[in-house]
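Residue numbers (this note's numbering): 0 to 122.
Shown next, in the form of structure tokens:
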């Protein structure tokens with residue numbers, strides 16, 4: 000059976016273009032991203048096996064596979080509404096959509112939220 004070079008190239012392109020499942024990614028290929036939001040004073044740190052982001056600020060960032068989102072936990076205090084941050088919140092999920100402009104998270108599948116206190120608030 001003869002196979003031409005162009006047939007091999009087409010097959011290779013089709014295999015590369017197929018939808019990727021979470022288990023297709025080796026554990027060492029986590030993607031990382033730092034996201035600044037309009038409402039936050041510190042960036043949000045995200046990691047996942049797959050991160051899809053639009054070209055313009057304010058779009059939804061789609062995260063899939065071993066999603067971890069670490070964001071500051073801040074509370075407005077006093078008359079001026081000054082933000083006081085007392086640690087971080089970590090959201091873990093199978094999938095999540097992060098609204099880049101607001102910091103809103105829509106998490107799906109095995110969702111866990113863990114508060115982490117900063118060292119300065121535990122002393």
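Don't be surprised by glycine CBs; every beta carbon is placed ideally from N, CA and C.
Computed from a prediction, not measured in an experiment: that's the story for all the values here.
query: Across which residues does DSSP place residue 61 in a beta bridge pair?
result: 51 and 96
field: residue 63 and residue 49 closer than 8 Å at C-beta
entry: yes
field: For residue 101, the first and last residue of its enclosing beta strand (DSSP E)
entry: From DSSP, residue 101 is part of no beta strand (DSSP E); its letter is neither H nor E.
message: Using a 10 Å radius around the Cβ and a threshold of 16 neighbouring Cβ atoms, would you call residue 97 buried or exposed?
response: Answer is buried; the Cβ neighbour count reaches 16.
task: Mind the definition here: the region 52 to 61 touches the region 75 to 82 only if three or more C-beta pairs lie below 8 Å; say whether that holds.
output: Cβ pair count under 8 Å is below three, so no.
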